[in-house]
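Below is one structure; the comments refer to it alone.
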């Protein structure tokens, strides 16, 4: 092999220098703060906490979904082990009980604040961004302390971490470090003095505990963190559910509902005009129903203020419009009309209307397909403990029939939406999630 | 007098609310009927088991098992996930209370040789102590139609369904609260024995009286997490 020419040498040196600079930048970006700053908090686990602080900590752990994500189905509360499927593989939540071996038993309040504000574990390890630390970085130090104090009262469960199932090199520290340098900046809450206290409370909850943007915000192909106040809509993969845009007036009932109604949806799973299903039902079941009426109202206030009234309603002008056929109408009459009514009017407090319902005419039809295939119940909540449900049609209707009946629904009673294809139905069927 | 009146009124209101709950349960369990048949009398292809008249706690335990990862079936997991334990209990009680006629499964079960049938009958009614297999009727009721509140009937289901359940127990796909006695028993059954006993069970007529009966011969060393009451019946 011939030795390198001068240009080649320069190129090599340049490449090396670039790589070195990049590595140094990533390392500094992820760990640098440890050399200079030491964030001070009311350290130690022994600090005496008032019952009010503990109650606030438990409240935040509920509405923030800590308990939901860190408790396996049928497992001990907060002992971790819940499987979470992501586009990059399956991860398993960690043990947050006061176990000294597997949980947070040896953590200090500062360690915990580093986790929530910086995504660092006690040993300085970078946490997987399945934990939405962009959102937890919004929490005030006071709230972080409250959550930590309450977690320390949770009885220890000696349960080890289930290994994640991610394809190498995903999940390794260098990869997480690069990812963080690209997509993570802590964003402490900044109140907006020109808005009301209620608006600010809502903004704080949406951006911190609520972590609404985790689903309702846009991620790129690398699964980037959306901005904590990005509510422009997202898509859940591999589950195949649409998280509609909360700022587009046409995609949810927020803009046309009273604040009280939106608050009810969050706390009870249903309102005058909307029913929570799928991942939103999970949110209501595990988190939303614990919201205080005042906090739910504050969230509703903030969300309504975020609505942008004029959005292009037809994102894909070339898309084929849904249309009906006599056989599709017959399918609707046989399978849907008993509950949803001949004219899609539904039954108040029982079955949702299909006319004048933004969820029915979303451009992406996945949620509708999910409902038609799997049916299902809304969440049991304190205020609606016995929800009605919808039968599944997974076994009775084929892909073409599901597409037909959905196209009927998407083209009647003033509804206008892009057509649903049997292929789209099949994709949801095949996901079998 | 006033107190009497208010008690009377309260009990009347109580009765009324119980009655309306019972009435609206028929509407609330509509989703179940899509697979489990009208009033939970079993699905058309025999693969969706009967719910009507099954022991209430057995039904409740299964709903818990599906939502807590001890049994695996996507549809059941999704159906059950949003519901509170109280609501599941109410559904279980409702189905347990339904007295609807049995219809024989439309799916034909595999025909067995007379030797296999004899073996199946032996396993069901006597068990095989050498293989540590108790008789089915030791726990599932003298007439195999279920026992008290936690143990289900074994008749009225096609052998394919019963066989699939036994396989699932063997592979650990289907589990229940520990100690998981059915899981243990299933692991002692050979494939041939499983085919024999499910074939024999599927070939039996459903008794006219389908009330739950106690079993008299529960194995003393058997401990079932899902049916703790069985221990009390020993002897």
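Protein chains in written order, with our numbering: chain A, -9 to 423; chain B, 15 to 249.
All C-beta atoms in this analysis are idealised placements derived from N, C-alpha and C, irrespective of residue type, glycine included.
Counting along the chain, where does the alpha helix (DSSP H) carrying residue i start and finish?
i	result
residue 170 of chain B	Note, residue 170 of chain B: premise wrong, no alpha helix (DSSP H); not H, not E.
residue 74 of chain A	Not the alpha helix (DSSP H): residue 74 of chain A falls in the beta strand (DSSP E), residues 73 to 76.
residue 15 of chain A	-4 to 21
residue 60 of chain B	Unbroken run through residue 60 of chain B: none, as it is neither H nor E.
residue 49 of chain B	44 to 50
residue 138 of chain A	131 to 141
residue 75 of chain B	70 to 81
residue 117 of chain B	Premise fails: residue 117 of chain B is in no alpha helix (DSSP H) and is neither H nor E.
residue 326 of chain A	Note, residue 326 of chain A: premise wrong, no alpha helix (DSSP H); not H, not E.
residue 123 of chain A	123 to 126
residue 107 of chain B	99 to 111
residue 195 of chain B	195 to 202
If you drop the 5 nearest sequence neighbours on each side, which residues of the same chain put their C-beta closer than 6 Å to that of residue i?
i	result
residue 99 of chain B	none
residue 359 of chain A	415, 418
residue 62 of chain B	49, 50
residue 252 of chain A	244, 290
residue 192 of chain A	288, 289, 291, 292
residue 78 of chain B	none
residue 104 of chain A	110
residue 113 of chain A	none
residue 179 of chain A	128, 194
residue 75 of chain A	228
residue 130 of chain B	210
residue 264 of chain A	243, 255
Bridge partners of residue i, per DSSP?
i	result
residue 226 of chain A	A:231
residue 298 of chain A	A:238
residue 311 of chain A	A:408
residue 61 of chain A	A:70
residue 142 of chain B	B:147
residue 116 of chain A	A:110
residue 161 of chain B	B:165
residue 55 of chain A	Beta-bridge pairing links residue 55 of chain A to no other residue.
residue 91 of chain B	Note: residue 91 of chain B sits in no beta bridge, so no partner.
residue 221 of chain A	In DSSP, residue 221 of chain A forms no bridge with anything.
residue 341 of chain A	A:337
residue 367 of chain A	A:379
residue 260 of chain A	A:265
residue 155 of chain A	A:80
By the DSSP assignment, the beta strand (DSSP E) with residue i in it spans what residues?
i	result
residue 82 of chain A	79 to 82
Excluding sequence positions up to five away, which residues of its chain have a Cβ less than 8 Å from the Cβ of residue i?
i	result
residue 44 of chain A	136, 139, 140, 143
residue 174 of chain A	109, 119, 123, 124, 215
residue 32 of chain A	Note on residue 32 of chain A: pLDDT 47, under 50, position unreliable in the model; no value is reported.
residue 34 of chain A	Annotation note: pLDDT 48 at residue 34 of chain A (below 50); position unreliable, coordinate value reported separately. Result list for residue 34 of chain A: 98, 99, in chain order.
residue 363 of chain A	382, 383, 384, 392, 415, 418, 419
For residue i, which residues of its own chain have a beta-carbon under 7 Å away from its beta-carbon, when the five flanking residues on both sides are left out?
i	result
residue 16 of chain B	Since pLDDT at residue 16 of chain B reaches only 48, below the 50 mark, its modelled position is unreliable, and the value read off the structure follows with that caveat. Counting only Cβ-Cβ distances below 7 Å, and skipping sequence neighbours, we find nothing.
residue 176 of chain A	107, 108, 127
residue 58 of chain A	276, 277
residue 402 of chain A	314, 334
residue 50 of chain A	133, 136, 137, 199
residue 114 of chain B	53, 55, 66
residue 226 of chain A	205, 233, 269
residue 36 of chain A	Below a pLDDT of 50, predicted positions are generally treated as unreliable, and residue 36 of chain A, at 49, falls in that range; no measurement from the model is reported.
residue 187 of chain B	86
**Message:** I want to know whether the stretch 50 to 63 of chain B touches the stretch 393 to 400 of chain A - three or more CB-CB distances under 8 Å.
**Reply:** no
**Item:** Near-chain A residues of the stretch 79 to 90 of chain B (beta-carbon distance less than 7 Å), N- to C-terminal order
**Value:** 81, 82, 83, 84, 88, 89
**Request:** Determine which residues of the stretch 137 to 150 of chain B have a Cβ less than 9 Å from any Cβ of chain A, and write them out in chain order.
**Result:** none
**Asked** Is it true that the stretch 228 to 247 of chain A meets the stretch 346 to 361 of chain A, where meeting means three or more beta-carbon pairs spaced less than 8 Å apart?
**Response** Contact holds: three or more Cβ-Cβ distances are below 8 Å.
**Asked** Taking a cut of 8 Å between CB atoms, which residues from the stretch 264 to 289 of chain A lie near chain B?
**Response** 271, 272, 275
**Prompt:** the stretch 195 to 213 of chain A: which residues have C-beta closer than 9 Å to a C-beta of chain B, in chain order?
**Reply:** Per Cβ criterion, the list is empty.
**Asked** In chain order, what residues of the stretch 375 to 402 of chain A put their CB closer than 9 Å to some CB of chain B?
**Response** 375, 376, 377, 378, 379, 380, 381, 382, 383, 384, 385, 386
**Asked** Per the contact definition of three or more C-beta pairs closer than 8 Å, is the stretch 133 to 146 of chain B in contact with the stretch 203 to 217 of chain B?
**Response** yes
**Item:** Three-pair Cβ contact test at 8 Å for the stretch 171 to 187 of chain B versus the stretch 87 to 107 of chain B
**Value:** no
**Message:** So if I threshold CB-CB distances at 8 Å, which residues from the stretch 90 to 121 of chain B count as touching chain A?
**Reply:** Those residues of the stretch 90 to 121 of chain B that come within reach of chain A (Cβ to Cβ, closer than 8 Å) are 92, 93, 95, 96, 97, 98, 100, 101, 104.
**Asked** Would the stretch 368 to 376 of chain A and the stretch 257 to 273 of chain A be scored as touching if the rule is three or more Cβ pairs under 8 Å?
**Response** Under the three-pair Cβ rule at 8 Å, the stretch 368 to 376 of chain A counts as touching the stretch 257 to 273 of chain A.
**Residues from the stretch 336 to 369 of chain A in contact with chain B, defined by Cβ distance under 7 Å** = 364, 365, 366, 367, 368, 369
**Prompt:** For the stretch 199 to 209 of chain A against the stretch 57 to 71 of chain A, are there 3 or more C-beta pairs whose distance is under 8 Å?
**Reply:** no
**Message:** I want to know whether the stretch 235 to 245 of chain B touches the stretch 151 to 163 of chain B - three or more CB-CB distances under 8 Å.
**Reply:** yes
**Prompt:** Listed in chain order, which residues of the stretch 55 to 66 of chain A have Cβ atoms closer than 9 Å to some Cβ of chain B?
**Reply:** Taking a C-beta cut-off of 9 Å against chain B, the contacting residues of the stretch 55 to 66 of chain A are 62, 63, 64, 65, listed in chain order.
**Prompt:** Counting pairs of beta carbons, one from the stretch 86 to 99 of chain A and one from the stretch 4 to 14 of chain A, are three or more of them closer than 8 Å?
**Reply:** Using a Cβ-Cβ distance cut-off of 8 Å, the stretch 86 to 99 of chain A and the stretch 4 to 14 of chain A are not in contact, since fewer than three pairs of beta carbons, one from each stretch, lie closer than that value.
**Message:** If contact is defined by three or more beta carbon pairs under 8 Å, each pair taking one atom from either stretch, is the stretch 35 to 47 of chain B in contact with the stretch 97 to 113 of chain B?
**Reply:** By the Cβ test, the stretch 97 to 113 of chain B is in contact with the stretch 35 to 47 of chain B, since at least three Cβ pairs between them sit closer than 8 Å.
**Asked** Given 8 Å as the limit, is there contact between the stretch 152 to 166 of chain A and the stretch 65 to 84 of chain A, that is, 3 or more CB pairs closer than that?
**Response** Segments in contact, yes.
**Message:** Taking beta-carbon pairs under 9 Å, can you tell me which members of the stretch 42 to 54 of chain B lie near chain A?
**Reply:** Of all residues in the stretch 42 to 54 of chain B, 42, 43, 44, 45, 46, 47, 48, 49 have a Cβ within less than 9 Å of some Cβ in chain A.
**Item:** Near-chain B residues of the stretch 141 to 152 of chain A - C-beta to any C-beta below 7 Å
**Value:** none
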